[in-house]
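Chains as they are written, first to last, in this note's numbering: chain A, 1117 to 1401; chain B, 3 to 246; chain C, 8 to 350.
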Amino acid sequence: MDVLMQVLVSSVLLAGVYYIISLGLNIIFGVLDIVNFAHGAMIILGAYASYYLSRLTGWDPFVLVIFDGIIVAAIGALLYLGYLRYTTNSPLVRMFALIGFSSVVVATLLVVSGSTFRDVTVDYGLTEILGVTVRISQIVAFVFAIVLGAITLLALNYTKVGKAVNAVTDDRVSVQLSGINDRNLSLLAFAVGAGLAGASGGIISTYIAFIPESGLQFAIVAFAVVIIGGLGDLRGGAVAALVVALLQTAVSVYVSSALVNTALFLTVLLVLLFRPRGILGKGRI
Amino acid sequence: MPLLTCDHLTAGYSDLIAVRDLSLSLEEGELFGLVGPNGAGKSTLLKAITGVVPLRSGSVTFQGHSVGSLPPEVRARRGMAMVQEGRRLWPTLNVRDNLMLGAYHEKRKEQRVREEEVLDLFPALRLILKRSAGVLSGGEQQMVAVGRALMAKPKVLLIDEPSLGLAPIIVDEIYASLPTLLENGVSIILVEQEVRRLLDLATRLAVLHEGEVAYEGDGKQFRDNPEALTEYYLGTVSKQGREQ
Amino acid sequence: MNWRHWAVIVAAVVIAAMGIALEGQPFWLRVFTFAMLMSAVAQSWNLLAGYTGQWSLAQLAFFGIAAYLAGMIEIYTGLPLLMGLLPAVGLTAIFAAFIGFATLRLRGHYFAVVTFFMLSSLYELVRYFANYTGGQYGMTLPFVEGNDVLMLQFDNRLTYYYAAFAVMVIATAILWGTVKSPLGLILRSIRDDQDSAAALGIRTLGTKVLAMTISSVMAGIAGVVYLGWSKLMDAETAFGIHNSLDPVVGGILGGAGQLLGGVVGQFALRPIVATVYDVFGSLPGVSSLAYGVILMLVILLLPKGILGLRVAQGSALKLSGFETWRDRTGDKIKVALSGKKGA
């Protein structure tokens, strides 16, 4: 019973970060129709940004999360403006281009930082929730993630620009015909998605150590969440974040941590075969 | 000088040329009707004018400027608005937001003023401002679509088959609003399948057949004899009036 | 026989002769041996992606699985590699059929993402079952002195070169045979417009699975021969995401949808990567950097690949002119297929 509670509580806390990871991916997919294969790389970029910034400034990594987001958003914007928009306008081709970018990022990080684990984890002490011991930093990470997610959703639903972004996901041509510059919105969406990824990386770095290849693992998690939640479905992403977090934690604890990706693979496969629109059925095919 | 001119316009999709060497002009204050059978190229023509479909050759001139190389959103900002076939609203947004995005670049105050004008034109929308556009009826959608286009205070309004899929009584309401628009200085190109309604309203009329103009004129001769138009529809009579 | 056929024959002769010319240069001999083995895998990717439109990230997995199987067969049953090749590749093909059946229902990006998941799963599994596979240290085959054809053991580097040459020729022949057959026409119709193909009565899933199975054979043969050459196979080589990009980059660089796409691509790619390795070799991650940069550049500047440069038709990637070709070919296929009911 103790173990079960442990699994549940850690999963919920983990799901917070997973949710904003999926939020970024879904925004990019909704607006640009691309599955951002570089999302994992952007996450790990955020983590490394925290690492280097903390060495530079000595600030608390949670404070650095915002900067991570901004830095990676800028990188995303540059990637879009300087490269992506000139590639063939096919989602599949662009996906592979992003895979290339992902390789470039991970490899560059390897060259720059080597394969030593980097650690900016924070220790605020421990506390208890429902009889389970948790690190306070995990709770702070969760709150951070939720707040960031909420801000993004509020911006999407209540600001003029946010509504325009929503409109593009529905019907891009109508947006153009209404005199709105949809290419700027594409840029914005990509940058925001990247920024959210970077921020997620910053948040994650507060409780685990990482190496460049960790980016690949994050990519796996990110895709699992959006596929299970339904590509483009923001609410589904919330539920899926929990499902994936639970799946990961439960498999690690009850089976083996060395089989997590296999479990994710099988789950994703089953979902795609039997419920391709995701858990809530609102995703895009 | 005409408000809008198409000059030897050719446009189409991949392998299919839908509009061939077509020339038309729209004068200010006109309601120009465009009819023709399915596949005649009417929608493509509107899309070429607004920039959704690129021009293969020829030009589009609006208010004296050539706009053929401009992207759709620039043409829209210059005063061209389009109500697409099938309405094409944004279902994740509510009615008010759908309208508001039509005047995206205006300040909040100006948006409210224009929204009021649209609501005066279509009072039924007042009750459903907060409703999601995805759950509206066909008639409501059509009103919102027209309203959205009007929010931009366009000089030219291009309407593609507004009566498609709608009950006649709803279509009446839409059509009832058109004279008001003309009075307010909006010139209109109206693509329709339902020829009769068009005949009552249109200042001028063109029949498209297989991408070319089969007839162009004031349409008066067809008011009492709409069946005569079908000959142009079917292509049995060409623009020159000769039997094919 | 037109000039194209002659060009291919000449190229083949040149490559074969190159082996003898390079005999004193073990570095380059190695580079091109590897290039030819990988060209088989790139061609297998070409078949699945370039001709059938299914962009997989996991083509290298079939290379790895066949190698692992053949290796384990030799280790546990003593059956030498060359004889183990048949069962190993056969089992790989069966695996490919199963996986294909499960995943090829999915379209475009979903399929690609799933292959990515599969790759990471296989990587995990190989390490989990370390007892059988050697885990992260990899599976090593015993090294034997002298020549033993059955064990794919040669004491001469040059012989490996020609073995790899044979693999490349076989793979290209399989690709050529498939593409030129009626199956090839159907594959391309699926690539261009799957829905239309289905509407014409084509069994799209079955055909795609067949394509994947054939491609797995191509990659699998290369894998077994590779094992004979390097005597080592590990999870990173077989299922690492960076290495998995190798056949993809090779295929796109050479020309996806071009008959020699994989070959040209690898011959262009390998010297670049090898030189990069040579110059920066000690720095980890350099080869993935090279793949990544090359992939990004190729997609931007040369999406049709080297062989696609002069060609308006026959490319797998969508460019504006492609839409025209697609519709035209679609019509041709409809005409062709209307004479073949039940194809």
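For each residue, glycine too, the CB sits at the ideal point set by N, CA and C.
Same chain, Cβ closer than 6 Å to residue i, five either side skipped, listed in chain order
i	result
C:Ile209	Ile193
C:Leu326	Annotation note: pLDDT 45 at C:Leu326 (below 50); position unreliable, coordinate value reported separately. Excluding residues within five positions, none has a Cβ falling inside 6 Å.
C:Ser196	Ala204, Ile340
C:Ala281	Val38
C:Thr40	Tyr167, Tyr168, Ala171
A:Ala1189	Ala1307, Ala1310, Gly1311
First through last residue of the beta strand (DSSP E) which encompasses residue i
i	result
B:Arg58	57 to 64
B:Val158	158 to 162
B:Ile191	189 to 193
B:Met84	82 to 85
According to DSSP, residues forming a beta bridge with residue i
i	result
C:Arg164	The partner list for C:Arg164 (beta bridge, DSSP) is empty, contrary to what the question assumes.
B:Ala208	B:Leu36, B:Glu218
A:Glu1244	A:Thr1249
B:Val21	B:Ala13
A:Phe1217	Note: A:Phe1217 sits in no beta bridge, so no partner.
C:Leu239	C:Thr147
B:Ser27	B:Thr7
B:Asn96	B:Ser134
B:His67	B:Phe64
A:Phe1326	A:Arg1234
C:Asp155	C:Gln160
Nearest to residue i (by Cα), restricted to the options the options
i	options	result
B:Phe64	B:Leu159, B:Gln144, B:Phe224, B:Asp220	B:Leu159
A:Tyr1134	A:Ala1313, A:Phe1390, A:Tyr1370	A:Ala1313
C:Gly269	C:Val232, C:Ser222, C:Trp236	C:Ser222
A:Ile1150	A:Phe1306, A:Asp1349, A:Asn1377, A:Glu1329	A:Phe1306
C:Gly292	A:Arg1400, A:Val1289, A:Glu1244, A:Ala1223	A:Ala1223
C:Trp62	C:Leu296, C:Gly264, C:Val224, C:Pro278	C:Gly264
A:Leu1214	A:Arg1171, A:Ser1231, A:Ile1191	A:Ile1191
B:Leu5	B:Ser27, B:Tyr15, B:Val115, B:Leu18	B:Ser27
A:Ser1126	A:Gly1247, A:Ala1315, A:Leu1197	A:Gly1247
A:Leu1242	A:Ile1262, A:Ser1372, A:Ile1252	A:Ile1252
C-beta contact flag for residue i and residue j at 8 Å
i	j	result
B:Gly41	B:Leu192	no
C:Ala47	C:Ala178	yes
B:Leu210	B:Gly88	no
A:Gly1265	A:Gly1346	no
B:Leu168	B:Gln144	yes
A:Met1211	C:Ala95	no
C:Leu182	C:Gln66	no
C:Ala109	A:Leu1385	yes
A:Phe1178	A:Val1227	no
A:Leu1293	B:Thr52	yes
B:Met153	B:Arg116	yes
C:Thr59	C:Ala218	yes
Where the alpha helix (DSSP H) through residue i begins and ends
i	result
B:Glu118	110 to 123
C:Met125	115 to 135
C:Ala19	10 to 28
A:Ala1357	1350 to 1366
B:Lys44	44 to 52
A:Lys1276	1276 to 1286
B:Asp226	That residue, B:Asp226, is in no alpha helix (DSSP H); it is neither H nor E in DSSP.
A:His1155	1155 to 1173
A:Leu1347	Element bounds for A:Leu1347: n/a, residue is neither H nor E.
B:Gly167	No alpha helix (DSSP H) contains B:Gly167, which DSSP labels as neither H nor E.
C:Met79	66 to 84
B:Arg79	74 to 79
C:Pro278	268 to 287
Cut-off 8 Å between Cβ atoms - residues of its own chain near residue i, not counting five sequence neighbours on either side
i	result
A:Leu1375	Val1367
C:Gly349	Low per-residue confidence applies at C:Gly349: pLDDT is 40, beneath 50, and the placement is therefore not dependable, though the value from the model is reported in the following sentence. Gly208, listed in sequence order.
B:Lys132	Asn96, Val97, Arg98
A:Val1128	Phe1258, Leu1358, Ala1361
A:Trp1175	Leu1169
Residue i: CB within 7 Å of a non-hydrogen atom of the ligand ATP
i	result
C:Leu157	As far as ligands go, the structure on display features none, and thus does not contain the ligand ATP.
Close beta carbons around residue i, own chain, < 7 Å, minus the five adjacent residues each side
i	result
A:Ala1379	Leu1363, Val1367
B:Glu32	Ser189, Thr205, Arg206
C:Phe150	Lys238
A:Gly1278	Ala1271, Leu1272
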